[in-house]
């Protein structure tokens, strides 16, 4: 970076670098935990996948930088300039907004993910970018962020854009990011950690778990959602669940 840049630019760059480290460490911690659980609950599940896993980790750490840069700049803008709609005082807005905003964020993020993910399955975007993610056959707990940089950009802008537009308490935002990390990792483990009676229940009919997303990795042209099956049901792209 040129030395003549002002302190604000240096602070923004430092925030981007710090957020990149946080995203990378969060990925390693979450994926490492679920991979450890897999080794004990499903011994041998990842046998022979060492080369694939190393590739997944490499792409994921690159994606961490792509996710970290806009997140870090937005965090700097929030702290220094109040650019965002993030608020810290739980009484700043009506108390009912906090739980509602959690659903709003998850639904809007899921909507963005569904349509960009479905677009990624068109021939040209798939060949250029999304094929990297589908090279994980079968997916492992390390594959949650295994994206080509072009695909990582489409995912990296979603939450930073939302915090510029939709009010959210800092604690709720942290919960959104936690849910995103856990579901993104758990849904790529290659096995279902929830009991079948929950996955096949009325609630499970609307939520995405590993059984639902694994079918996407098997058949490609279905089950595009991130958190919910709403858009898959509405658009006729839901193809049910893979066997346990």
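Numbering (the working numbering), first residue to last: 172 to 415. We put the beta carbon where it would ideally sit given N, CA and C, even for glycine. None of the values given here were measured: they were computed from a predicted structure.
Top-ranked residue by Cα proximity to residue i, from the options
i: residue 218; options: 235, 310 and 413; result: 310
i: residue 414; options: 365, 291 and 260; result: 365
i: residue 350; options: 379, 259, 394 and 180; result: 379
i: residue 376; options: 403, 242 and 213; result: 403
i: residue 267; options: 185, 390, 343 and 243; result: 343
i: residue 287; options: 262, 257, 303 and 324; result: 324
i: residue 190; options: 370, 224 and 241; result: 241
i: residue 390; options: 405, 406, 305 and 221; result: 305
i: residue 330; options: 279, 294 and 295; result: 279
Supposed contact pair residue j and residue i - C-beta distance, whole angstroms, cut 8 Å
i: residue 272; j: residue 338; result: 7 Å
i: residue 412; j: residue 383; result: 6 Å
i: residue 386; j: residue 410; result: 6 Å
i: residue 180; j: residue 243; result: That pair is no contact at about 13 Å.
Contact set for residue i: own chain, Cβ-Cβ below 8 Å, skip 5 residues either direction
i: residue 182; result: 247 and 251
i: residue 408; result: 289, 392, 393, 394, 395 and 402
i: residue 291; result: 297, 300, 301, 322 and 325
i: residue 212; result: 362 and 364
i: residue 258; result: 264, 338, 339, 340 and 341
i: residue 172; result: Note on residue 172: pLDDT 46, under 50, position unreliable in the model; the coordinate value appears next. Cβ neighbours of residue 172 beyond the five flanking positions: 180, 181 and 184.
i: residue 354; result: 379, 397 and 398
Beta-bridge pairing of residue i - partner residues as DSSP gives them
i: residue 378; result: 399
i: residue 257; result: 339
Whether residue i touches residue j by CB criterion (9 Å)
i: residue 194; j: residue 239; result: yes
i: residue 352; j: residue 314; result: no
i: residue 260; j: residue 398; result: no
i: residue 416; j: residue 269; result: A query on residue 416 cannot be resolved here, the shown segment of the chain reaching from 172 to 415 and no further.
i: residue 347; j: residue 264; result: no
i: residue 381; j: residue 362; result: yes
i: residue 198; j: residue 236; result: no
i: residue 326; j: residue 297; result: no
i: residue 230; j: residue 328; result: no
Close beta carbons around residue i, own chain, < 6 Å, minus the five adjacent residues each side
i: residue 332; result: none
i: residue 232; result: 195
i: residue 300; result: 319, 321 and 322
i: residue 200; result: none
i: residue 262; result: none
i: residue 405; result: none
Chain-order list of residues whose beta-carbon lies under 7 Å from that of residue i (same chain, five-residue window excluded)
i: residue 255; result: 245, 248, 249, 334 and 335
i: residue 312; result: 202, 205, 206, 209, 356, 359 and 360
i: residue 227; result: 307, 311, 313, 314 and 317
i: residue 370; result: 363, 380, 382 and 412
i: residue 220; result: 311
Proximity test, Cβ basis, 9 Å: residue i and chain B
i: residue 301; result: Looking for chain B here will not work: only one protein chain is present.
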